[in-house]
Amino acid sequence: MDKKTPIAKLPVSRVEDLLRQRPFYDMADDCPHTEEIANALADGTTPAELEKRFPHVQQCDICKASIHLFNQMANEIGSPEQKPAPRPAKNVISLSKRTRVSRRTVFVFSMAAVLLAGLAAGVGFVIWQSQQTQSQPDTLVPKGASYDLEIAVSRNGLGFPLREGEMVETGDRLGFFYSASEGSHMALFHVDGQRQMTVLYPVEGKRTAFVQKGERIRIRDGALVTPSTTCEWIVALFTPKETSLSRLISHLRRNVRVGENCNLKITDMDTARIKVQQIRKIE
Amino acid sequence: MEHRKGGILQIGAEMVAQLRQGNSDTRQRFWEESFDAVLAICSRILGSGPQSIDVTTDLLNDFLFHYVQNLKNPHGAWSYLKLMAIRRAVRERQRMMTGEPFDDQQMDYPGGEMDDVETTVLLPKLNQCLALLTPKAQSTVRLKYRQGMSNEQIGHVVGGSKQYIGRLLTQSLAALRECLQRKAVANG
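Chains as they are written, first to last, in my numbering: chain A, -5 to 277; chain B, 9 to 196.
The following block contains the structure:
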């Protein structure tokens, strides 16, 4: 190799050398049971059954992550059945359609659009402000409102949603996403089998935090799963007005019951909408 | 027989038998039919880019020339391929995320030693430049320079005559060279 060759005058042979030198791991598979595991997965064997059949899986992070992803992708990837894109409505103006429009017309329409947008923004702001001030005194959760909580897990560098019935493992990092049809106040708790409660969100402050309405909005505070000998749950409370966290905790303590088979029962609260997801089950 | 809903990818016992015999038409058909599906799996884990195409290309190559001979259950070939793609992509992703240094013993250097500084500068740029090539061109480059296959062998796998593969490689190398030079000049 000519070390004096300037990079700007790179010969093709040098590019070939670089291509040969691209670092890449030897991908020889180190799991002796990949084919059997694949066949078992294709037959619908659950991860728990797989761990019993192949003890190696219990210790192998790659196997665990792969099995999880295999099941997760079963209905997503590898299926060419995709819904066709919806046809545009007939009243949508086609941008590809060539029509002669005079500059004057464009100017008039642009100005009208700007004025309308400004007007709409102004009206929206006034409505939003009035909602902010009016909704505070309400004490009951609106009947039609819907709230949801989703948990995302980061394990061994992989991220995936925690579905109903799936459990976390020690060392997992958890992220939380809420969906709310109305702006409300929210608090997130970790509850264990001994009814110990830890506030996960908001970490700072002593009162619930206001959350905007929206779908799958990430909560900035996450959690790290530590070893535990009891069942665990994540409980999200949505309240229409700002509430003190200590009051919510004492309220929860009074209303939470841990039943048989690790069932967490929370008596409904008029002033809060509750979402519970179990994250650990100890038999 | 097939594990793909809708039935595009069908790896049955008959196909496996032909692959074991080294039937080049079947190899080509297998490559064409499975490449996109395997790449989709790898891209889901690694993101779309040269790494996903590398993993896909190496896996399909290994499957065609090694794993297919040892398959115990030909009917489960697609599941096996899918799980292998996930495993390899997960391992590559782990390596990328942890920034784990490469183990010299696990790498080979058929090109011999190069100037460390220049290589360190150029290799990341090479990855960016590779991403500009088509997936087929990237696979061809990979099979040529990683697996050491001849143009004829590559043609039997990815499809095309050895002349076509030769032209594709020449064009790809020219494009990579131009891209590397442009990036090197831009960065001084």
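Heads up, the beta-carbon is just placed ideally off N, CA and C, and yes, glycines get one too.
Local conformation of residue i per DSSP, three classes
| i | result |
| --- | --- |
| A/L258 | strand |
| A/G208 | strand |
| A/T192 | strand |
| A/A230 | strand |
| A/V162 | coil |
| B/V24 | helix |
| A/A139 | coil |
| A/I268 | strand |
| A/D37 | coil |
| A/L156 | strand |
| A/A146 | strand |
| A/R8 | helix |
| A/I273 | strand |
| B/R95 | helix |
| A/L13 | helix |
| A/I362 | Nothing in the structure corresponds to residue 362 of chain A, since chain A is present only between -5 and 277. |
Residue interval of the beta strand (DSSP E) (run including residue i)
| i | result |
| --- | --- |
| A/F170 | 167 to 174 |
| B/R154 | No beta strand (DSSP E) holds B/R154; DSSP gives it neither H nor E. |
| B/F43 | It is not in any beta strand (DSSP E) - B/F43 instead sits in the alpha helix (DSSP H) that spans 32 to 54. |
| A/M186 | Before going further, note that residue 186 of chain A is Asp rather than Met in the sequence given. A/D186 -> beta strand (DSSP E) spans 178 to 186. |
| A/R251 | 250 to 252 |
is_contact[residue i, chain A] using C-beta, thresh 8 Å
| i | result |
| --- | --- |
| B/Q2 | Summary: the structure shown does not reach residue 2 of chain B, with chain B confined to residues 9 through 196, and so no result is reported for it. |
| B/I49 | yes |
| B/S56 | no |
| B/A194 | no |
| B/N69 | no |
| B/S87 | yes |
| B/V165 | no |
| B/Q189 | yes |
| B/G84 | yes |
| B/N81 | yes |
| B/Y153 | yes |
| B/V76 | no |
| B/K170 | no |
Neighbourhood of residue i by C-beta, 8 Å cutoff - its chain only, sequence neighbours within 5 removed
| i | result |
| --- | --- |
| B/V76 | V24, L27, R28, A85 |
| A/K259 | V250, R251, V252, G253 |
| A/S175 | G138, A139, S140, Y141, K207 |
| B/R101 | I53, L54 |
| A/R189 | R247, V250, V252 |
is_contact[residue i, chain B] using C-beta, thresh 8 Å
| i | result |
| --- | --- |
| A/T28 | yes |
| A/L156 | no |
| A/F279 | Residue numbering for chain A in the displayed model covers -5 to 277; residue 279 of chain A lies beyond these limits and cannot be assessed. |
| A/N33 | yes |
| A/M67 | yes |
| A/S148 | no |
| A/E10 | yes |
| A/Q15 | yes |
| A/A42 | no |
| A/V51 | no |
| A/A36 | yes |
Spatial neighbours of residue i in its chain, beta-carbon cut-off 7 Å, leaving aside the 5 residues before and after
| i | result |
| --- | --- |
| B/K152 | I162, L177 |
| B/F71 | L89 |
| A/H245 | M263 |
| A/A59 | R149, N150, L152 |
| B/I173 | T148, N159, I162, G163 |
| A/D55 | N150 |
| B/T34 | M23, Q26, L27 |
Close Cβ partners of residue i (< 6 Å) along its chain, the five nearest in sequence each way excluded
| i | result |
| --- | --- |
| A/L156 | I145, V147 |
| A/N257 | none |
Start-to-end residues for the alpha helix (DSSP H) that takes in residue i
| i | result |
| --- | --- |
| B/L184 | 170 to 194 |
| A/K200 | Segment: none, A/K200 is in no alpha helix (DSSP H) and carries neither H nor E. |
| A/V219 | No alpha helix (DSSP H) holds A/V219; DSSP gives it neither H nor E. |
| B/A139 | Taken as a continuous stretch (DSSP letters only), B/A139 belongs to no alpha helix (DSSP H), as it is neither H nor E. |
| B/P58 | 58 to 70 |
| A/M67 | 55 to 67 |
Burial state of residue i, where buried means 16 or more other Cβ atoms lie within 10 Å
| i | result |
| --- | --- |
| A/P49 | exposed |
| A/Q271 | buried |
| B/A182 | exposed |
| B/E40 | exposed |
| B/Q59 | buried |
| B/N69 | buried |
| A/K77 | Reliability of the predicted coordinates at A/K77 is poor, the pLDDT of 35 falling under 50, and no value is obtained from them. |
| B/R175 | exposed |
| B/Q179 | exposed |
| B/K133 | buried |
| A/D132 | With a pLDDT of only 39 at A/D132, under the threshold of 50, the placement of this residue in the model should not be trusted; the figure read from the coordinates follows. Burial call: exposed. |
| B/R99 | buried |
| B/R96 | buried |
| B/T64 | buried |
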